[in-house]
Amino acid sequence: MSTGTARSRLRLPQLDATNGVWAALAVALIVGGTLVALDGGSLFSESSTISLLQRAAGLGIVAVGQTIAILAGSLDLSVAYVISLTSLVAAETMAGSDGMVLPAILAVLAVSAAIGLVNGLLITKLRINAFIATLGVGLLIKGYLEQGYAGPAGSVPTSFQHLGYDRLGPVPLSFLLFAAVAAAVWFTLRGTRYGHHLIATGGDLDVARLSGVRTDRVLIRTHVICSLCAGIAGLYLASRLGAGAPRVGAEGGYDLESIAAVVLGGTVLAGGKGGVTGTVGGVLLLAVIDGVFNQLEVDSFFKQMVRGVVIVAAVAVYALRLRRTSDRRKAAVA
Amino acid sequence: MQQASEPPLLRMRGVGKAFFGVRVLDDVDLDLHPGQVHALVGENGAGKSTLMKIASGVYQPDAGTLELSGRAVTLPDPRAAQAAGIGIIHQEFNLLPERTVAENVFLGREPMRRGLVDRRAMHDRTAELLAGIGETAIAPQTRVGRLGVAQQQVVEIVKALALDARVLIMDEPTAALAEHEVELLYALVRRLQQRGIGILYVSHRLTEVFDLSGRITVLKDGRRVTTLDTAEATADTLVRHMVGRELSHYYPERAAPGGAGAARLRLSAAGNGRLRPVDLELRSGEVLGVGGLQGSGRSALARAVFGVDGFRTGQLLLDGVPVRVRSPRQAVRAGIAYVTEDRKGEGLALSQSVLDNALLAQHAVRPRWFARTARATTVRELLDAVEVHAAGTGQEIRYLSGGNQQKVILARWLAMKPRVLLFDEPTRGIDVGAKAAIHDLIRKLADDGAAVLMISSELPELIGMSDRIVVMRDGAIAGELPAGSSEEAVMGLATGAATSTEVPA
Numbered sequence: 009m010s011t012g013t014a015r016s017r018l019r020l021p022q023l024d025a026t027n028g029v030w031a032a033l034a035v036a037l038i039v040g041g042t043l044v045a046l047d048g049g050s051l052f053s054e055s056s057t058i059s060l061l062q063r064a065a066g067l068g069i070v071a072v073g074q075t076i077a078i079l080a081g082s083l084d085l086s087v088a089y090v091i092s093l094t095s096l097v098a099a100e101t102m103a104g105s106d107g108m109v110l111p112a113i114l115a116v117l118a119v120s121a122a123i124g125l126v127n128g129l130l131i132t133k134l135r136i137n138a139f140i141a142t143l144g145v146g147l148l149i150k151g152y153l154e155q156g157y158a159g160p161a162g163s164v165p166t167s168f169q170h171l172g173y174d175r176l177g178p179v180p181l182s183f184l185l186f187a188a189v190a191a192a193v194w195f196t197l198r199g200t201r202y203g204h205h206l207i208a209t210g211g212d213l214d215v216a217r218l219s220g221v222r223t224d225r226v227l228i229r230t231h232v233i234c235s236l237c238a239g240i241a242g243l244y245l246a247s248r249l250g251a252g253a254p255r256v257g258a259e260g261g262y263d264l265e266s267i268a269a270v271v272l273g274g275t276v277l278a279g280g281k282g283g284v285t286g287t288v289g290g291v292l293l294l295a296v297i298d299g300v301f302n303q304l305e306v307d308s309f310f311k312q313m314v315r316g317v318v319i320v321a322a323v324a325v326y327a328l329r330l331r332r333t334s335d336r337r338k339a340a341v342a
Numbered sequence: 078m079q080q081a082s083e084p085p086l087l088r089m090r091g092v093g094k095a096f097f098g099v100r101v102l103d104d105v106d107l108d109l110h111p112g113q114v115h116a117l118v119g120e121n122g123a124g125k126s127t128l129m130k131i132a133s134g135v136y137q138p139d140a141g142t143l144e145l146s147g148r149a150v151t152l153p154d155p156r157a158a159q160a161a162g163i164g165i166i167h168q169e170f171n172l173l174p175e176r177t178v179a180e181n182v183f184l185g186r187e188p189m190r191r192g193l194v195d196r197r198a199m200h201d202r203t204a205e206l207l208a209g210i211g212e213t214a215i216a217p218q219t220r221v222g223r224l225g226v227a228q229q230q231v232v233e234i235v236k237a238l239a240l241d242a243r244v245l246i247m248d249e250p251t252a253a254l255a256e257h258e259v260e261l262l263y264a265l266v267r268r269l270q271q272r273g274i275g276i277l278y279v280s281h282r283l284t285e286v287f288d289l290s291g292r293i294t295v296l297k298d299g300r301r302v303t304t305l306d307t308a309e310a311t312a313d314t315l316v317r318h319m320v321g322r323e324l325s326h327y328y329p330e331r332a333a334p335g336g337a338g339a340a341r342l343r344l345s346a347a348g349n350g351r352l353r354p355v356d357l358e359l360r361s362g363e364v365l366g367v368g369g370l371q372g373s374g375r376s377a378l379a380r381a382v383f384g385v386d387g388f389r390t391g392q393l394l395l396d397g398v399p400v401r402v403r404s405p406r407q408a409v410r411a412g413i414a415y416v417t418e419d420r421k422g423e424g425l426a427l428s429q430s431v432l433d434n435a436l437l438a439q440h441a442v443r444p445r446w447f448a449r450t451a452r453a454t455t456v457r458e459l460l461d462a463v464e465v466h467a468a469g470t471g472q473e474i475r476y477l478s479g480g481n482q483q484k485v486i487l488a489r490w491l492a493m494k495p496r497v498l499l500f501d502e503p504t505r506g507i508d509v510g511a512k513a514a515i516h517d518l519i520r521k522l523a524d525d526g527a528a529v530l531m532i533s534s535e536l537p538e539l540i541g542m543s544d545r546i547v548v549m550r551d552g553a554i555a556g557e558l559p560a561g562s563s564e565e566a567v568m569g570l571a572t573g574a575a576t577s578t579e580v581p582a
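Residue numbers (my numbering), protein chains in the order written: chain H, 9 to 342; chain V, 78 to 582.
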C-alpha cells in the first residue's frame, strides 16, 4: 500500500482520457494544418472552418446522446434510422409551409422520444441486451423507411433552412445548437440527481440499485434523451437538405460514428466513466481528420483507414492506461 | 454494557434457512444490543454468511422472527434493511471507484437545492460524517478509486452511517486490510460502539474477536453452539466449540515421513509485481500447504506458476529443467494444473455441459479432432472415478453442486496427467461430504506421485492435509512449518506475530 502511494506520488500529473482527446485534437490541427498548407490550401480559412464545424454539428448532437447511453452502461444503435425517420417526419409535416415548422418540431420530438421509450423498455423490462434491442428497433425503422420511401420526400420552408445555413460570424447556427445540446447534457450529468444516478448505474448496476437508485427509470430516461438527440440531428439534416431523406442517417454512418466519437472522447464503453466534454473533443477530432482529407483530396478509402487507425489507437491507449491503474490497485491490495 | 430493560436493537429468534432442501441454518437465536460488538464465529460453511444475509435482507428466512428494538420486522430486500437502520459492510466493497467519496456516500439520496444536486451540502455532510468517526484524512472530493483499501472501507462505513444505521454488520472486515490498518479499524469500531451502534462482527480471526467483542455467538453446521461473554471465553473453548471434533480424523493419512520424492518444481528467487523473490521446493508425492491471510500473495504465487501473471524475475525448474511459463497454455503443456479459487468465474464454462467442461483443457491444448471420441470415453471414466453426481454428462454444469463442480474440474486435470497440481481453496463453498471426497482425491494424487500445492484459508484443512506448510505474508514466504503444526503457529507467521525462527516445530 505504502509503495503504491509512493509510486503514485512520483507520477506526473496524468493526462486524463478526456483531456487526452483535446491533446490529440491539437496535434491533428497542427499536423493537418501543416499538410494542407504544404498542399497549397488552408485548413483555417473561413470556408473550410465553416464546413468543418457544420460537419461536426450533426454528428456531435447524436454523439452527445450516445454519450449518456454509453455512460449508463447501455448503447443505442438505432440512432441512424431515427435520424432518417425524423428528417422525413419534419419535412413531410412542414410540407413547405412556415406555419407548420413548430408542429413539425414537436412531432419529431414526440416520435424520437417514443422510440427512445421503446428502446428503454425493451432493455429494462424485457431485459434484452441493449445492442440487440436497439439494433432490432433500428432495423424495424429501416424496414418502414425502405417500404415507404424510394427517395427524398417532403419539403422544408426557407425559414427553417436558416438552421442549416445561417451563421453567427464564422460559427454556423447548427454548431451553436450542438454546443447548446452538449452544454445541457453536461449540466444534467453534473448537476442533477438523474445525472448522478446515470453515472452510478453505468458504473455498477448492483451498487446503484442497492443504494436506492431506480436503475430502470434511469436507463429509460437515458434512452429517451439519446433518441431525442438523434431527432434533433434529424431536424438539422432536414433543414440542411431541404427535404426528408430516408437513407441520410445510415449513409452518414451516424450509429457507429457516434459511438466512435464517444470512445475517442475517453468514455469507457462499459459505462460509468467519461463525459460530454470528451465526446465534443472526439467529434471535433473526427471532423478535423475529415476536413484535412477533403482538402488534400485523398481518396475516401485512405481516409477511412486513417480514421480506423485513430480510433483503434485511442482505445488501445485508454485500455493500456486502465490496465496500469488496475494493476496498481491490485498491487495496493496485495 | 447492556441494560436488561431495553429491548435489543436486533433480536433473531429461531431463524432457519434451507437451500434446495439443504439446511444451512437451523433455529438460530441472536441478540444485539446498542453499543455492543457481537462476534459471530464459526468455520467456513457454519452459516455465518447466511445469517448475515438474512439480517441484511438479502435472504428471507424460512423460519423464525426478526425484531428491531422490540418491533417485529420483515426485510423483503436489502433496501428495506437499509431503511430499517441495518447497514452491512461487505468484504467486497459496494463503491463506485470512478465517483468521489461524497457521491458514493450520498448515492441514491443526493441532497437537493433548487432542483439541483447540492454539491456543497453533500461535501459538508460527508466531511461531518467522516469527522464524526475521527477520520479527517479523507477529502469528500477524492475519487474513491484513488483511496487505499482501508480508506475505502471507511467510506463504506460512512455510507452506512449516512443512512442512520443503528446496526452495522461487518463481514470479515480485516480480510483486505494490512496490519497497521487493522489498528485503525479497531479504533473506528470502538468509536461506533460509543455512539450506541450495535455491531455484528463476523470473523474467524479469534484475536480480533477477543480484542473487540463483548459477546460471542458460535455457529457450527448451521446451528448455534453457544453464546457467551467474551470475558468468559478462551481461545481453546472457542475453537472447541467451532470445530467440535478431533481434527486429524477428518483428513486422509499423510505421506509417510520421507515419503516425498524428488523435487518436482523449484522456484529460485522467482518474483513479479506482486511477489517478492520466492524460493520454494515442491516434491513429488507431497502436499505442500500454503497458508497466509487474504492478499498475502498465495494466489499470486499459484497464478505465477501457472503463467497467468507470470514471474518476471528468477527461475522456475520443473524436474530440474528450467522452464519459462508465460501463459496458462504453456503451463498446461508443461504438466501443471491449476484449480482456481473462483470456481464459477475462472474454473467453469457455466452454460456448457459436464462433459465439455471436463474436456476443456484437453481440447484447448491438444485440439486433435480424431482423438475426441476416445478422449470422451476416458473422461467419462474419470468422472465416474471421482464420483461426480450429475443427471448425465450432458447436463449443464451450473446445476451441479459446488462439490460436484469441483470434481469435474479435478477430472479435467486428471485427464491431463499433470506433474504439478495447484489447488487454490479447493473446498471453498463445498459441503462436508464432498469436502472429504476432495481431500481424499488430493491425497491420492500425491500418493500417485504428483506434486501438490494447496492454498487454504481454512486452518484445519491446511493443517490436516499438508505434509509441509509454507506461510506467506506481504508477497513473500514468511516461514515454513512441519506437518501437524498448530493453528497458532500458522497464524503467528501469517500475521507477523512470529518470525520463522521463533516458531516451535
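Beta carbons are placed, not taken as given, at the ideal position from N, Cα and C, and that holds for glycine. Because the structure is a prediction, the values reported are computed rather than measured.
State yes or no: is the beta carbon of residue i nearer than 8 Å to at least one beta carbon in chain V?
i	result
LYS150 of chain H	no
ARG201 of chain H	yes
LEU18 of chain H	Only weak support is given to the placement of LEU18 of chain H: the predicted model assigns it a pLDDT of 40, under 50, and the value that follows is read from those uncertain coordinates. LEU18 of chain H does not count as touching chain V.
VAL29 of chain H	no
SER266 of chain H	no
SER82 of chain H	no
LEU359 of chain H	Only positions 9 to 342 of chain H appear in the structure, and residue 359 of chain H is not among them; the question remains open.
VAL215 of chain H	yes
VAL284 of chain H	no
VAL221 of chain H	yes
Consider the Cβ of residue i: report whether some Cβ of chain H lies at a distance smaller than 8 Å.
i	result
ASN171 of chain V	yes
LEU184 of chain V	yes
LEU155 of chain V	The residue asked about is misnamed: residue 155 of chain V is Pro in this sequence, not Leu. True, the Cβ-Cβ gap to chain H drops below 8 Å.
PRO84 of chain V	no
Which two residues bound the contiguous alpha helix (DSSP H) that contains residue i?
i	result
TYR152 of chain H	138 to 156
HIS257 of chain V	256 to 271
ILE210 of chain V	Per DSSP, ILE210 of chain V belongs to no alpha helix (DSSP H) and is neither H nor E.
TYR328 of chain V	Taken as a continuous stretch (DSSP letters only), TYR328 of chain V belongs to no alpha helix (DSSP H), as it is neither H nor E.
ASP108 of chain V	Premise fails: ASP108 of chain V lies in the beta strand (DSSP E), 99 to 109, not in any alpha helix (DSSP H).
Starting from the beta carbon of residue i, find every residue of chain H whose beta carbon is closer than 7 Å, and list them in chain order.
i	result
LEU193 of chain V	GLY199 and THR200
PRO250 of chain V	Chain H residues near PRO250 of chain V: none, gap ~15 Å exceeds 7 Å.
GLU187 of chain V	ARG201 and HIS204
GLU175 of chain V	GLY211, GLY280 and LYS281
For the beta strand (DSSP E) containing residue i, name the first residue and the last one.
i	result
ASN349 of chain V	340 to 349
ALA95 of chain V	87 to 96
PHE591 of chain V	The structure shown does not extend to residue 591 of chain V, since chain V is modelled only from 78 through 582, so no value can be given for it.
PRO160 of chain H	PRO160 of chain H -> no beta strand (DSSP E), and no H or E assigned at all.
Name, please, each residue of chain H whose Cβ falls closer than 9 Å to the Cβ of residue i.
i	result
GLU180 of chain V	HIS204, ILE207 and ALA208
Might you give, ordered along the chain, the residues of its own chain that have their beta carbon closer than 6 Å to the beta carbon of residue i, omitting 5 neighbours on each side?
i	result
ALA553 of chain V	ARG353
GLY104 of chain H	SER163 and PRO165
ALA98 of chain H	ALA112, VAL116, LEU243 and ALA246
ARG88 of chain V	ASP108 and GLU144
THR572 of chain V	none
LEU85 of chain H	THR142, LEU143, GLY146 and ASP263
From the DSSP output, which residues share a beta bridge with residue i?
i	result
GLY480 of chain V	Looking at the DSSP assignment, GLY480 of chain V forms no beta bridge with any residue, so it has no partner.
GLN392 of chain V	V:SER345
LEU583 of chain V	Since the first residue of chain V shown is 78 and the last is 582, residue 583 of chain V is not available in this structure.
SER430 of chain V	V:GLU473
ILE546 of chain V	V:GLY366 and V:LEU558
So, for residue i: in the same chain, excluding its five sequence neighbours on each side, which residues have a beta-carbon less than 7 Å away from its beta-carbon?
i	result
VAL270 of chain H	ALA71, GLN74, THR75, ILE78, THR287 and GLY290
VAL323 of chain H	VAL271
LEU213 of chain H	GLY81 and THR223
PHE287 of chain V	THR307
Just the chain V side, please: which residues come within less than 7 Å of residue i by C-beta, in chain order?
i	result
VAL323 of chain H	None at all; the shortest Cβ gap to chain V is about 18 Å.
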